[in-house]
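Undergrad:
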Amino acid sequence: VYTASIGPPNNFPSAGLPPAGDGNAFYFYNPLRVSRGAQEFLRVWGTRELKDNWRWGSMALNQSSINARETLKDINLDNDPFYDPMTYIAQIPGEQSVLDSLATQRNLAYFQLGVIYNENYKEYDLAANRLEFLLENEPAERLILPAKYNLYNIYEAQGNLQAQESIKNDILQNYSDSRYAAFIRNPESLQRDENSPEILYTSLYRKYEDQEYQVVIDGTNEYVSKFTGDPMVPKFELLKARAIARLMGLDAYEKALNHVAVTYPQSQEGQSAQSLINTTIPELKSLEFTADSLQTNYKLVYLIDKDSEQEITNLKTTMQTALSELNYNNLKISVDVYDVDQTFVVVHGLSDKSRALGFEELLRTNKKYKIDRDAFAMSAENYRIVQIKKTLRSFLDNY
2 VYTASIGPPN NFPSAGLPPA GDGNAFYFYN PLRVSRGAQE FLRVWGTREL KDNWRWGSMA
62 LNQSSINARE TLKDINLDND PFYDPMTYIA QIPGEQSVLD SLATQRNLAY FQLGVIYNEN
122 YKEYDLAANR LEFLLENEPA ERLILPAKYN LYNIYEAQGN LQAQESIKND ILQNYSDSRY
182 AAFIRNPESL QRDENSPEIL YTSLYRKYED QEYQVVIDGT NEYVSKFTGD PMVPKFELLK
242 ARAIARLMGL DAYEKALNHV AVTYPQSQEG QSAQSLINTT IPELKSLEFT ADSLQTNYKL
302 VYLIDKDSEQ EITNLKTTMQ TALSELNYNN LKISVDVYDV DQTFVVVHGL SDKSRALGFE
362 ELLRTNKKYK IDRDAFAMSA ENYRIVQIKK TLRSFLDNY
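FYI, in the working numbering the residues of the sequence shown are 2 to 400.
#1: Can you tell me where the beta strand (DSSP E) with T344 in it begins and where it stops?
#2: Ignoring anything shorter than 3 residues, give me the beta strand (DSSP E) runs that lie fully in the stretch 325-395, in order along the chain.
#3: May I ask which residues mark the beginning and end of the alpha helix (DSSP H) holding S219?
#4: Locate the beta strand (DSSP E) running through Y303, then write down its first and last residues.
#5: Could you tell me the alpha carbon to alpha carbon distance between Y384 and T319, rounded to whole angstroms?
#6: To the nearest angstrom, how far is it from the Cα of N151 to the Cα of N130?
#7: Just the C-alpha distance for L301 and R143, rounded to the nearest angstrom, thanks.
#8: Tell me which same chain residues have a C-beta within less than 7 Å of the C-beta of D178, skipping the five on either side of it?
#9: Could you check if Y28 is buried or exposed, using at least 16 other CB atoms within 10 Å of its CB as the buried criterion?
#10: Any idea if D342 is buried or exposed, counting beta-carbon neighbours within 10 angstroms, 16 or more meaning buried?
#11: Return the chain-ordered list of same chain residues with a C-beta closer than 8 Å to the C-beta of L103, the five sequence neighbours on each side being excluded.
#12: Taking all protein chains shown into account, do 16 or more other C-beta atoms lie within 10 angstroms of the C-beta of P235, making it buried, or fewer, making it exposed?
#13: Excluding sequence positions up to five away, which residues of its chain have a Cβ less than 8 Å from the Cβ of K391?
#14: Which first and last residues belong to the alpha helix (DSSP H) in which S309 is found?
#15: What does a CB cutoff of less than 6 Å around N331 pick up in its chain, not counting 5 residues either side in sequence?
#16: May I ask you to report which of helix, strand or coil DSSP gives R243?
#17: In three-state terms, what does DSSP make of R1?
#18: Using CA coordinates, which residue listed in A141, E189, D231, A91 is at the minimum distance from S268?
#19: Between K333, I155, I389, which lies nearest to E289 when the distance is taken from Cα to Cα?
#20: DSSP has R180 in a bridge; who is on the other side?
#21: If you reduce the DSSP assignment to three classes, tell me which class R56 lands in.
#22: Need the endpoints of the alpha helix (DSSP H) that M87 sits in, please.
#23: To the nearest whole angstrom, what separates the beta carbons of Q275 and S380, a pair I think is in contact under 8 Å?
#24: Sort T344, S325, E270, T291 by Cα distance to Q311 and report the nearest one.
#25: Does the distance from the CB of E157 to the CB of Q163 come in under 7 Å?
#26: I'd like the span of the alpha helix (DSSP H) that includes P283, first residue to last.
#27: Y28 by DSSP, collapsed to three states: which one?
#28: When the distance is taken between beta carbons, is R374 closer than 7 Å to Y303?
#29: Short check: CB of A148 to CB of F112, under 7 Å?
Have a look at this one:
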């Protein structure tokens, strides 16, 4: 390999040739020593052209350049679009709608950078630079006021009182009814504002605990847009990801977490999302259904359309009455959201599958309860997997 680039080909025999006879002990008649000598020459001197003054540094050959020149000889530059500049010039966006979209993305990126430099790194000069650039380049209406309010705080941190006073007057005169103007007039109002992101987040979190997952998703979408740039936005996004998990399953949850991790990498929520992606998501993906015969904790599950609210209420009430009258005090009833369209009414605490199905038969045949609706039994572990992965159909078809 190496000897080919030292002088004309075949000047040196390769190491693979059989050695000369015993009498040929001279250096040039020992092929193995010749090969080693050639390699040592390359190590010390590099690739050199066989000509006078070969030791001069300027005589060293750049093998990659030689290979590149040889490759170029085989390329038809006139007819190959890969080497035609117009191939790439034609890909530069020219339509106004595309340019506007790029400008919108750039402005949002500059806004987010300004907030990150301000909130996370206290790099006030960089933060001011990004937000000032944003305001000079026709930003979306929803970004203007948050950008100005952030600049108001940045100028204060910089000690730039003249610029702070100017932007303060702008906000008070042109956005006098906004929450930002209220905060400037009275900073303590931030704690009492019923429409503050903190209060709204608390309200949404309660709805999350009440299984109103679609309400949470819709609400977070609204507030993320409304409070762009506020430190609470990553919290809304992570809450939304959790609601998506409960309503749409593991794959959608992973996608939502990735959005939080990529969009807010410096926030605590973004880092938490990345940690979940790295650790929890792989563990959840590895979950598999287990044979119910090996389990000791079962559930009896009724599947009902989510919109059939009265039917869900009636079923739950009837089952609670049955538990009370039959003294099944160790059993519990819950209504659990399954997905966007369906809800589970669940009896918890049954010790095995036969008892679960027996209880279903009792509720069906007892004249007092007459619950004439199909149900299925599954172990608590399999129920957990069904809820995490939204794989009810797979369970019913195979177990």
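For glycine and all other residues, C-beta sits at the position ideal for the given N, C-alpha and C. Since the model is a prediction, treat every value here as computed from it, not as a measurement.
TA: So, from the listed chains and residues:
#1: T344 -> beta strand (DSSP E) spans 343-351.
#2: Qualifying beta strand (DSSP E) stretches, in chain order: 333-338, 343-351, 377-380.
#3: In the sequence under discussion, the amino acid at residue 219 is Asp, which differs from the Ser named in the question. Element bounds for D219: 214-227.
#4: 299-306 is the span of the beta strand (DSSP E), which, as asked, contains Y303.
#5: Looking at the two C-alpha atoms, the distance is approximately 23 Å.
#6: Roughly 12 Å between the two C-alpha positions.
#7: L301 and R143 have their alpha carbons spaced roughly 49 Å apart.
#8: None.
#9: Residue confidence is low: Y28 scores 48 on pLDDT, short of 50, so the model does not pin down where it sits. Its coordinate-derived value is still stated next. Under this definition Y28 is an exposed residue.
#10: Residue environment: D342 is assigned as exposed (fewer than 16 neighbouring CB atoms within 10 Å of its CB, all protein chains considered).
#11: In its chain, beyond the 5 residues on either side, P94 have a beta carbon closer than 8 Å to the beta carbon of L103.
#12: It is buried - the Cβ of P235 has at least 16 other Cβ atoms within 10 Å.
#13: Correct list, in chain order: M249, G250, L251, Y339, D340.
#14: Premise fails: S309 is in no alpha helix (DSSP H) and is neither H nor E.
#15: Cβ contact annotation for N331 (same chain, cutoff 6 Å, sequence separation greater than five): G350, in chain order.
#16: In this structure, R243 counts as helix in the three-state DSSP scheme.
#17: With the chain represented from 2 up to 400, any question about residue 1 goes unanswered, as that position is not in the structure.
#18: Ranking A141, E189, D231, A91 by CA distance to the CA of S268 puts D231 first.
#19: Out of K333, I155, I389, the CA that lies nearest to the CA of E289 is found in I389.
#20: R180 is not bridged to any residue.
#21: R56 sits in coil when the DSSP states are folded into three classes, being neither helix nor strand.
#22: It spans 86-90 - the alpha helix (DSSP H) in which M87 sits, taken as one unbroken run.
#23: About 33 Å separates the two Cβ atoms, so there is no contact after all.
#24: Taking only the C-alpha atoms, the option nearest Q311 is T344.
#25: Contact flag unset, no.
#26: Counting along the chain, the alpha helix (DSSP H) containing P283 begins and ends at 282-286.
#27: Residue confidence is low: Y28 scores 48 on pLDDT, short of 50, so the model does not pin down where it sits. No coordinate-derived value is stated.
#28: Yes.
#29: At the C-beta level, A148 and F112 come within 7 Å of one another.
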